[in-house]
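Chemist: Mind looking over this structure? Questions follow.
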């Protein structure tokens, strides 16, 4: 019997799933809304449904899975599969891995969603072939993933990679985490919009108020891009400022971590990458040492939404193999019976 | 014949050496002035002399060394043993490892001086037993060393760990590296003294001007400690501010790297650690996520000046063993003849 691996990506608004063959090719994929407001049990059910939809689309049954992997917002414990906390998803010490294991009848491996996305880009995307990778995903927040010696770096905390919560401007704007001057508070979509809102309050004009009011509610990355393209001065300034801070963060991380490839993804970069990347690169070069920047590529993510599911699936494949001592799924599965 | 390993630590003002037995115990040590102004060749000769002095003190000959290790200021290439640049030591692509190899007649392994110090503390000092360690050494500058999965993290740049050159206050004071707002510009002895000098220029008073003039030349960490203890208000404020920024840097690095132990060393910490550590810990706790700070120890280095030579010696021992496939020195040495 041919065996497959399922990759899942749990987001605040949507769930993605994909089935991969033993060579790592995507056979099918599926997507559902998360409906986070329905609570942890309902979200769990929707995750299972999304996975089953992907299995159906690939024409295979759950008994043909030898493992599944899921990327989830954290903090979480990748060893036990427990989500420590995820306010938006109403998770509170929720045993996501063990519960999914019951549903799918195969080992399920959990990791941080951004780690999974970074790992996907490392294995199959923009960072393929590098040994040291820094992933930075700029959207509602800023998340990060670190690959060292070809492995995801979890650290003692099991939750390393929180690059959005490096302080780059001590005493700066308040972050959702409670600190001041985090990179996320300055350069995420939330941070950008908050800066714009303050400017509007101070009397500056932006075309965004027309559709979003003075409180600039629900301004998407796409809306920011449109405003940027119609030469909205305030938005241009805000985007350039965010890009400058992202470069300052990346430059600092190049000095500290020495990555070979920096992969930039997330909604803000997907919408405004062309505009931001040159500014990010210049800002990075002002901070990073020349000898540490030499040969480093700062690139856009290539896999888009697929990065998370592909990364989660490959993480599952590799951890399964580590657990079974490198045996192929068929043999290991026979042996464990 | 019993075989030994030599550890060397090259500093801007002094050179330390120590001979270690196979179990990692220090048998003897020696120290000389660097005399950096005499140039690279003269410094090389002084390194060799310091090593020989330590060998003599241990009563052994160079032929009994199976390997030597040296920690040096960088940037450098730990693989080739070449010091890329070290302005103060007049090194410019200087093949320190290969040249010492000729002098001592055994393999010589080179690493960054702060990496060696961190590794010494990891193997024999304040961080013994941890798997993930962050070393931060606060003196004239701020250097760092990172141990992940029990290995020094060099990264693609081969020069990772430059924690003094994370930007914590974008647009802040100019750093020697050319950037603005680096941790080193705010919290190293150089940064502290620069801040005091500016305050004096602005009309503030400090007892330090009595011995050091208004330009506060050659203010040592010891002089800062004395001023702190005699309740010099300006100095107290400057030291507390530096401690706050060190905590901001450590908090950021806990979020990004997830270390288990943070080891603080260097001249400023040796002099003012008792005063600074509580402030550093509070400041760290304001930045680091609770789940990432949980179980983390922020401690002072234990080995003082010995950390560098012990670390360099153990690095040499381990790399030698890796190269020879784990064989003990006697057997490997016979085999290579």
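Residue numbers (this note's numbering), protein chains in the order written: chain A, 76 to 412; chain B, 76 to 412.
For each residue, glycine too, the CB sits at the ideal point set by N, CA and C.
1. Would residue 322 of chain B and residue 355 of chain B qualify as a contact pair, given that the criterion is a beta-carbon distance under 8 Å?
2. Does the pairing of the stretch 227-234 of chain A with the stretch 351-368 of chain B give three or more beta-carbon distances under 8 Å?
3. Is it the case that the Cβ atoms of residue 296 of chain A and residue 345 of chain A are separated by a distance below 8 Å?
4. Does the separation of the CB atoms of residue 271 of chain B and residue 243 of chain B fall below 8 Å?
5. Can you name, in chain order, every residue of its own chain whose Cβ lies under 8 Å from the Cβ of residue 282 of chain A, other than the five neighbours on each side?
6. Which residues of the stretch 322-351 of chain B have a Cβ closer than 9 Å to any Cβ of chain A? Give them in chain order.
7. Going by DSSP, what residues sit across from residue 249 of chain B in a beta bridge?
8. Mind checking who residue 193 of chain A pairs with in its DSSP beta bridge?
9. What residue range is occupied by the uninterrupted alpha helix (DSSP H) comprising residue 366 of chain A?
10. Can you check DSSP and say which residues form a bridge with residue 158 of chain A?
11. For a cutoff of 8 Å on Cβ pairs, would you count residue 260 of chain B as touching chain A?
12. Can you tell me whether residue 397 of chain B is buried or exposed, with buried defined as 16 or more other CB within 10 angstroms of its CB?
13. Please compile the residues from chain B whose C-beta is within a distance smaller than 9 Å of the C-beta of residue 243 of chain A.
14. Is there a C-beta anywhere in chain B that falls below 8 Å from the one on residue 286 of chain A?
15. Only counting runs of 3 or more residues, tell me where the beta strand (DSSP E) segments fall wholly within the stretch 196-241 of chain A, in order along the chain.
16. Out of A/318, A/245 and A/265, state which residue places its alpha-carbon closest to the alpha-carbon of residue 362 of chain B.
17. Does any residue of chain A bring its CB to less than 8 Å from the CB of residue 228 of chain B?
18. So the candidates are A/338, A/385, A/82 and A/357; which of them puts its Cα closest to the Cα of residue 213 of chain A?
19. Would you say residue 411 of chain B reaches chain A, if we count a Cβ-Cβ gap shorter than 8 Å as a contact?
20. From the DSSP secondary-structure annotation, give me the bridge partner or partners of residue 373 of chain A.
21. State yes or no: is the beta carbon of residue 397 of chain B nearer than 8 Å to at least one beta carbon in chain A?
22. Taking Cβ-Cβ distances shorter than 8 Å, what residues in chain A pair up with residue 231 of chain B?
23. Can you tell me whether residue 249 of chain A is buried or exposed? The criterion is at least 16 other CB atoms within 10 Å of its CB, across all chains shown.
24. Grab me the residues of residue 409 of chain A's own chain with a C-beta within less than 8 Å of its C-beta, minus the 5 sequence neighbours each way, in chain order.
25. Give a yes or no on whether 8 Å exceeds the smallest Cβ distance from residue 136 of chain B to chain A.
26. Since I believe residue 147 of chain A is in contact with residue 129 of chain A (beta carbons under 8 Å), could you give me their beta-carbon distance rounded to a whole number of angstroms?
27. Looking only at its chain, what residues have a beta carbon closer than 6 Å to the beta carbon of residue 133 of chain B, apart from the 5 residues adjacent to it on each side?
28. Is residue 212 of chain B close to chain C, meaning its C-beta is less than 8 Å from at least one C-beta of that chain?
29. Identify each residue in the stretch 146-163 of chain B for which the Cβ-Cβ distance to at least one residue of chain A is less than 7 Å, and report them in chain order.
Modeler: The structure says:
1. Yes; because the gap between Cβ atoms is below 8 Å, this pair is in contact.
2. Because the criterion of three Cβ pairs below 8 Å is met, the stretch 227-234 of chain A and the stretch 351-368 of chain B touch.
3. Yes.
4. No.
5. 302, 305, 307 and 310, listed in sequence order.
6. So the close ones are 323, 324, 326, 327, 328, 329, 330, 331, 332, 333, 334, 335 and 336.
7. Bridge partners of residue 249 of chain B: B/255.
8. DSSP output for residue 193 of chain A lists no bridge partner at all.
9. 365-368 is the span of the alpha helix (DSSP H), which, as asked, contains residue 366 of chain A.
10. Residue pairing for residue 158 of chain A: DSSP places it in a beta bridge opposite A/151 and A/169.
11. Any Cβ of chain A closer than 8 Å to the Cβ of residue 260 of chain B would place that residue at the interface, and such an atom is absent.
12. With a 10 Å radius around the Cβ and a threshold of 16 neighbouring Cβ atoms, residue 397 of chain B comes out exposed.
13. Per Cβ cutoff of 9 Å: 241, 242, 243, 244, 245, 256 and 327.
14. No, its Cβ sits nowhere closer than 8 Å to a Cβ of chain B.
15. Secondary structure in the stretch 196-241 of chain A: the beta strand (DSSP E) runs of 3 residues or longer, each lying completely within the stretch, are 208-213 and 217-223 in chain order.
16. Considering only alpha carbons, the answer is A/245.
17. For residue 228 of chain B, a Cβ of chain A is located within less than 8 Å of the residue's own Cβ.
18. The shortest C-alpha separation from residue 213 of chain A is found at A/338.
19. For residue 411 of chain B, the pLDDT reaches just 44, beneath the cut-off of 50, and the residue's location in the model is therefore unreliable, although a value from the coordinates is still provided. Not closer than 8 Å to any Cβ of chain A, the Cβ of residue 411 of chain B fails to qualify, so no.
20. Beta bridge pairing from DSSP links residue 373 of chain A with A/337.
21. Not a single CB atom of chain A sits nearer than 8 Å to the CB of residue 397 of chain B.
22. By Cβ distance, chain A contributes 205, 206, 207, 333, 334, 335, 370 and 371.
23. With fewer than 16 other Cβ atoms within 10 Å, it is exposed.
24. Low confidence applies to residue 409 of chain A: its pLDDT is 46, below 50, so where it sits in the model is not reliable enough to give any reading.
25. Closer than 8 Å: no.
26. That belief does not hold up - the Cβ atoms of residue 129 of chain A and residue 147 of chain A are roughly 17 Å apart, past 8 Å.
27. Same-chain partners within the cutoff: 94, 102 and 103.
28. In the displayed structure, chain C is absent; the protein chains listed are A and B.
29. Listed by position, the residues of the stretch 146-163 of chain B near chain A (Cβ gap below 7 Å) are 150 and 159.
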